[in-house]
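**Q** In our numbering, each residue's number is its place in the sequence shown (first place is 1) plus 58.
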Amino acid sequence: MNTGTETKIPVATSGCLLGEEVRYDSGHKHDRYLTQTLGQFFEFHSFCPEMAIGLGTPREPIRLVATPDGISVRGSSTPDADHTAAMRAYGEQAAIRLEELGVCGYIFKKGSPSCGLFRVKVYHGDIPRPEGRGIFADEITRRLPLIPCEEEGRLCDPVLRDNFVERVFVCHRWRRFLADSPTPGRLVEFHTRHKFILLAHDEPVYRRLGRMVASTGRADFPQLCQEYISDLMIALQRPATRKQHTNVLEHIAGHFKAALDSEDKLELGELIRAYNTGLVPLIVPITLLKHYLRRFPSEYIARQYYIDPHPAELMLRNRI
Ligand code: SF4
59 MNTGTETKIP VATSGCLLGE EVRYDSGHKH DRYLTQTLGQ FFEFHSFCPE MAIGLGTPRE
119 PIRLVATPDG ISVRGSSTPD ADHTAAMRAY GEQAAIRLEE LGVCGYIFKK GSPSCGLFRV
179 KVYHGDIPRP EGRGIFADEI TRRLPLIPCE EEGRLCDPVL RDNFVERVFV CHRWRRFLAD
239 SPTPGRLVEF HTRHKFILLA HDEPVYRRLG RMVASTGRAD FPQLCQEYIS DLMIALQRPA
299 TRKQHTNVLE HIAGHFKAAL DSEDKLELGE LIRAYNTGLV PLIVPITLLK HYLRRFPSEY
359 IARQYYIDPH PAELMLRNRI
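#1: Counting Cβ pairs, one atom from each stretch, are 3 or more of them under 8 Å apart for the region 280 to 298 and the region 223 to 234?
#2: What's the C-alpha gap between E158 and L372?
#3: What is the C-beta distance between Q362 and F279, in whole angstroms, given that I count them as a contact (C-beta under 8 Å)?
#4: Leaving aside the five residues before and after Y381 along the sequence, list all residues of the same chain whose C-beta is less than 6 Å from its C-beta, in chain order.
#5: Kindly indicate the opening and closing residues of the alpha helix (DSSP H) around P280.
#6: Given a cut-off of 9 Å, decide if K87 and K167 are closer than it, judged by their beta-carbon atoms.
#7: Could you give the DSSP three-state label for L122: helix, strand or coil?
#8: Roughly how many angstroms separate the alpha carbons of M59 and P369, rounded to a whole number?
#9: Please list, in chain order, all residues of the same chain as A272 whose beta carbon is under 8 Å from its beta carbon, the five residues on each side excluded.
#10: Which of the three DSSP states, helix, strand or coil, is assigned to E208?
#11: Tell me T71's beta-bridge partners as DSSP assigns them.
#12: Verify whether the separation of the beta carbon atoms of P206 and C173 is less than 9 Å.
#13: Is the region 110 to 126 in contact with the region 91 to 101, if contact means three or more CB pairs nearer than 8 Å?
#14: Could you check whether the Cβ of K87 sits closer than 8 Å to any heavy atom belonging to ligand 1?
#15: Alpha carbon to alpha carbon, how far is R121 from P186? Give it in angstroms, no decimals.
#16: Would you tell me roughly how many angstroms separate the C-alpha atoms of Q381 and K66, rounded to the nearest one?
#17: Run through DSSP, which three-state label would Y82 get?
#18: Could you check what DSSP says for R196 in three-state terms: helix, strand or coil?
#19: Less than 9 Å between the C-beta atoms of V123 and R132, yes or no?
#20: Assuming R375 contacts P339 under a Cβ cut-off of 8 Å, what Cβ separation, rounded to an integer in Å, is found between them?
#21: Can you determine whether any heavy atom of ligand 1 sits closer than 8 Å to the C-beta of G422, and answer yes or no?
#22: For I185, which beta-bridge partners are listed by DSSP?
#23: According to DSSP, which residues form a beta bridge with S130?
#24: Which class does D322 belong to by DSSP, given the choice of helix, strand or coil?
#25: Counting contacts by CB-CB distance shorter than 9 Å, is A370 in contact with chain B?
So this is what it looks like as structure tokens:
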């Protein structure tokens, strides 16, 4: 495996998704994909902001409410009970803890007025509109903008799932890079090994970051690292399209051009086209390219994280 990690990666999640009975009705929302599949590679750290601010179980459900001063989170039948300040204060505290733990991702519970990331209901009087973000999730994403975040519901989408897990692994490799005496030379190496991953998401950003890491004469190396990882993680947020993957596959195939005979070249070209038109998933041309990599070793290609961005056991590329 070329994912660059041998230990479980710390990832935070809403406690109810791990099966903890912390919901308002004393229930949970255990998500077995997290605990049984992703849990093989991620070490989950649970957070329940509503329990943390002392709401207890069972409790009155809370909801987001539009007010003249912005969005607040209040009791659904006791609108005078405003939990916004307590929730934001806990978010600040939790963000510090997340950094101490070195988490490389956060999986939030969808729809929650505390933990939901997208389209959480905001009440305008009695009318709910799906336009908000949970107060706790808002605080975490504002304070830690580079940590990959996703909702458990969206992880059912194969493209979003692949994208999230890929970003968690990139984030983890970055934390390891920082922890292990980073130097300008090692930053160039980090960038080079992520070339095809970045190319699949955003070619202009790949080129711009290449120029950035080449400016190794800069005295402000820590600042350069900050700018680099910020641009990289933002570029990776937009999932790679089939067309962009096809472009990368053709780049890699180009490295074997001289070694392959005309039949092999034809077969590889056909498989890449089959992927491009949706006839086969990404794993199919990747598997053939890995076969050629074994037959015609290339250190440059073998060191690309694009070849194995995450563990094969997750089978993420079998569905995209
Ligand atoms: S969604 Fe968040 S606040 Fe609600 S029970 Fe789950 S962890 Fe707690």
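Glycine included, each C-beta is placed from N, C-alpha and C at the ideal position.
**A** Looking at the coordinates:
#1: yes
#2: 27 Å
#3: 25 Å between Cβ atoms; not a contact.
#4: In the structure as shown, the chain starts at 59 and stops at 378, and residue 381 therefore has no counterpart that could be examined.
#5: 279 to 295
#6: yes
#7: strand
#8: For M59, the predicted structure reports a pLDDT of 46, less than 50, and the residue's modelled location is therefore unreliable. A value from the coordinates is still provided. When rounded, the distance between both Cα atoms is 7 Å.
#9: V246
#10: strand
#11: S104, I165
#12: no
#13: no
#14: yes
#15: 10 Å
#16: In this structure the chain extends from 59 to 378, so residue 381 is not present and cannot be described.
#17: coil
#18: The amino acid occupying residue 196 in the given sequence is Asp; Arg does not appear at that position. Helix at D196.
#19: yes
#20: 6 Å
#21: A query on residue 422 cannot be resolved here, the shown segment of the chain reaching from 59 to 378 and no further.
#22: H182
#23: V123
#24: helix
#25: Looking at the structure shown, chain B is missing, and only one protein chain is on hand.
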